[in-house]
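Asker: Each residue of the sequence shown is one higher than the one before, counting from 64 in our numbering. Each residue gets a CB set at the ideal place from its N, CA and C atoms; glycine is no exception. Input: one structure, supplied below.
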Amino acid sequence: MAVKSEFKKIAVIGIGMIGGSIAMAVRKKIPEAEITGIDTDSRSLSYALKNKFIHKGMKPSISNYKLLSDCSIIVIAGPVNMIAETAVSVLPYLSDKTILTDTGSVKEKIVREIEKKCGKKSRFIGSHPLAGVENSGITAASNTIIEGKKVIITPSAGTPSGILAATKKFWSAIGMKPVVTSPEEHDTLLAVTSHLPHVLAYLLMNTISSTKRQSIDPLTFAGSGFKDFTRIAKSDPELWAQIVLANREQVLDAISKFEKNLSELRRAIKKSDAGFIKHEFRKARELRKKIK
């Protein structure tokens, strides 16, 4: 349901799957808002304009960033390795009422880079919508992608309380459920709930490809469980390489924990230790049941 909102002008930098989905949600939930889309890809801008995701489209440039000074909120929805650079370019031209946030899957590195160049009390506050699909690009965008999903907001020590409150209000207004935590905790948790699962999905596919083939392709026997597990292996490899490297220490720690568990299970299988195997499987099953 559309509601009256304080967010009159909104800009989205990066009109891909998640940026396009956010723009669509704004059109639906805050119909009076004027939406500007910024992207390096002319085709993405044309598609977004044609399908009425945005009202105006432009390429990224200092002159165009200056035009965003009166926006209520600006969302950077680009690759993680470009977010800090983009934020540093945009922040000098914002009014003291404009909020700058992002959608990146890694937080601490981005926040620290921005604070280093713009100070700890800039108008940037990190966000990470826990939403998306394995397909990329503007054609994969849909307002249903973010509807009802959680969004993690990561204020740092210097973030003014008013910016946090307004950011929560924005995400709530377009149908998301805000959760607040620190950039550091975000990266620790996402390493095990998102980054490691992507690593494992890619590696499982590579394991299949290295399996000795007889007369039948092993993928012929891929059932629904295999398809569910490896769905995210269809995600953009370039994007995910950036993510795991940006969160390198936390991802390495998650891999080490996984390796330990895998090593223990391997020993149990080698020893035919059914008791240990069933115990581990039951423990995992009960934990999985807690996910709603």
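(1) Whole-angstrom Cβ separation of H261 and I295, contact assumed at under 8 angstroms?
(2) S190 lies in the beta strand (DSSP E); which residues open and close that run?
(3) Compute the distance between the beta-carbons of G77 and G141, then report whether it is under 7 angstroms.
(4) By DSSP, does D299 sit in helix, in strand, or in coil?
(5) Going by DSSP, what residue range makes up the alpha helix (DSSP H) through V151?
(6) So, G238 versus E197, is the Cβ gap smaller than 7 angstroms?
(7) Hey, quick one: how far does the beta strand (DSSP E) through L157 stretch, first residue to last?
(8) Tell me where the beta strand (DSSP E) around P241 begins and ends.
(9) Considering I354, what are the terminal residues of the alpha helix (DSSP H) in which it resides?
(10) Given a cut-off of 7 angstroms, decide if S68 and I93 are closer than it, judged by their beta-carbon atoms.
(11) Below 8 angstroms on the Cβ atoms is my contact criterion, and I expect T217 with H258 to pass it. Report the Cβ-Cβ distance as a whole number of Å.
(12) Please classify N206 as buried or exposed, where buried requires at least 16 neighbouring CB atoms within 10 angstroms.
(13) What are the boundary residues of the beta strand (DSSP E) that E197 is part of?
(14) If you follow the alpha helix (DSSP H) that A74 is part of, which residue opens it and which one closes it?
(15) So is A309 buried or exposed if we call it buried at 16+ other beta carbons inside 10 Å?
(16) Please confirm if the stretch 183-190 is in contact with the stretch 139-156, defined as three or more CB-CB distances below 8 angstroms between the two stretches.
(17) Since K212 and A194 should fall inside the 8 angstroms C-beta cutoff, what is the C-beta to C-beta distance between them, to a whole number of angstroms?
(18) Verify whether the separation of the beta carbon atoms of I125 and L131 is less than 7 angstroms.
(19) Residues in its own chain within less than 6 angstroms of W234 by CB, not counting five upstream and five downstream?
(20) Quick one: complete beta strand (DSSP E) runs, 3+ long, within the stretch 203-244?
(21) If we ignore side chains and look at the alpha-carbon of each, how far apart do P120 and L112 end up?
(22) Ordered along the chain, which non-local residues of its own chain (more than five positions away) have a Cβ less than 7 angstroms from that of T244?
(23) Buried or exposed for T222, please, with buried defined as at least 16 other CB atoms from any protein chain shown within 10 angstroms of its CB.
(24) Identify, in the order they occur along the chain, each residue of the same chain with its Cβ nearer than 7 angstroms to the Cβ of K232, setting aside the five sequence neighbours on each side.
(25) Quick one: what does DSSP say I136 is sitting in, helix, strand or coil?
(26) In chain order, what residues of the same chain have a beta carbon less than 7 angstroms from the beta carbon of F339, not counting five sequence neighbours either side?
(27) Give the DSSP bridge partners of I340, in chain order.
(28) With DSSP as the reference, please indicate the residues paired to G288 in a beta bridge.
(29) By the three-class DSSP mapping on this structure, what secondary structure does T164 have?
(30) By the DSSP assignment, the alpha helix (DSSP H) with T270 in it spans what residues?
Answerer: Quick answer:
(1) Your numbering for residue 261 matches position 198 in the sequence shown. Your numbering for residue 295 matches position 232 in the sequence shown. At roughly 5 angstroms, the Cβ-Cβ gap stays under 8 angstroms, so H261 and I295 are in contact.
(2) As a position in the sequence shown, residue 190 is number 127, starting the count at 1. Here the beta strand (DSSP E) through S190 covers 187-192.
(3) The count along the sequence shown starts at 1 and reaches residue 77 at position 14. The count along the sequence shown starts at 1 and reaches residue 141 at position 78. Yes.
(4) Position 236 of the sequence shown, counted from the start, is the residue given in the question as residue 299. It is coil, neither helix nor strand.
(5) For the purposes of this step, residue 151 is taken as residue 88 along the sequence shown, with counting starting at 1. It spans 143-153 - the alpha helix (DSSP H) in which V151 sits, taken as one unbroken run.
(6) Taking the sequence shown and counting its residues from 1, the one referred to as residue 238 is at position 175. Taking the sequence shown and counting its residues from 1, the one referred to as residue 197 is at position 134. Not in contact: G238 and E197 (Cβ atoms no closer than 7 angstroms).
(7) Start at 1 with the first residue of the sequence shown, and residue 157 comes out as number 94. Here L157 belongs to no beta strand (DSSP E), and DSSP marks it neither H nor E.
(8) Numbered from 1 along the sequence shown, position 178 holds the residue referred to as residue 241. Counting along the chain, the beta strand (DSSP E) containing P241 begins and ends at 240-243.
(9) The count along the sequence shown starts at 1 and reaches residue 354 at position 291. Neither: I354 is in no alpha helix (DSSP H) and is coded neither H nor E.
(10) The sequence position of residue 93 within the sequence shown is 30, counting from 1. The sequence position of residue 68 within the sequence shown is 5, counting from 1. Cβ distance < 7 angstroms, so I93 and S68 count as in contact.
(11) Taking the sequence shown and counting its residues from 1, one reaches residue 217 at position 154. Taking the sequence shown and counting its residues from 1, one reaches residue 258 at position 195. 16 angstroms between Cβ atoms; not a contact.
(12) Residue numbering aside, residue 206 sits at position 143 when the sequence shown is read from its first letter. So N206 ends up on the buried side.
(13) Taking the sequence shown and counting its residues from 1, one reaches residue 197 at position 134. Unbroken run through E197: none, as it is neither H nor E.
(14) The residue given as residue 74 occupies position 11 in the sequence shown. Unbroken run through A74 is the beta strand (DSSP E), 72-76; no alpha helix (DSSP H).
(15) Working through the sequence shown from its first residue, we reach residue 309 at position 246. That one is buried.
(16) yes
(17) Translated into the one-based positions of the sequence shown, residue 212 becomes position 149. Translated into the one-based positions of the sequence shown, residue 194 becomes position 131. With 8 angstroms as the limit, K212 and A194 qualify as a contact, their Cβ atoms being about 4 angstroms apart.
(18) Numbered from 1 along the sequence shown, position 62 holds the residue referred to as residue 125. Numbered from 1 along the sequence shown, position 68 holds the residue referred to as residue 131. Cβ distance not < 7 angstroms, so I125 and L131 don't count as in contact.
(19) For this step, residue 234 is matched to residue 171 along the sequence shown. Excluding residues within five positions, the ones whose Cβ falls inside 6 angstroms are V214, P241.
(20) 213-217, 240-243
(21) On the sequence shown, residue 120 is found 57 positions in, with the first residue counted as 1. On the sequence shown, residue 112 is found 49 positions in, with the first residue counted as 1. A small fix is needed here, since residue 120 is Gly in this sequence, not Pro. Cα to Cα, the separation comes out at about 7 angstroms.
(22) By one-based count along the sequence shown, residue 244 stands at place 181. For T244, where only same-chain residues beyond five positions count, the Cβ hits under 7 angstroms are I215, T217.
(23) Here residue 222 corresponds to residue number 159 of the sequence shown, with the count starting at 1. Buried, since its Cβ has 16 or more Cβ neighbours within 10 Å.
(24) Locating residue 232 in the sequence shown gives position 169, where the first residue counts as 1. None.
(25) The residue given as residue 136 occupies position 73 in the sequence shown. Strand, per DSSP.
(26) Within the sequence shown, the letter at position 276 stands for residue 339. A331, listed in sequence order.
(27) As a position in the sequence shown, residue 340 is number 277, starting the count at 1. I340 is not bridged to any residue.
(28) Along the sequence shown, read from residue 1 onward, the residue named residue 288 stands at position 225. DSSP output for G288 lists no bridge partner at all.
(29) As a working note, residue 164 is residue 101 in the sequence shown. In the structure shown, T164 sits in a strand (DSSP, three-state: E or B).
(30) To locate residue 270, count along the sequence shown from 1; it is residue 207. Taken as a continuous stretch (DSSP letters only), the alpha helix (DSSP H) holding T270 covers 259-273.
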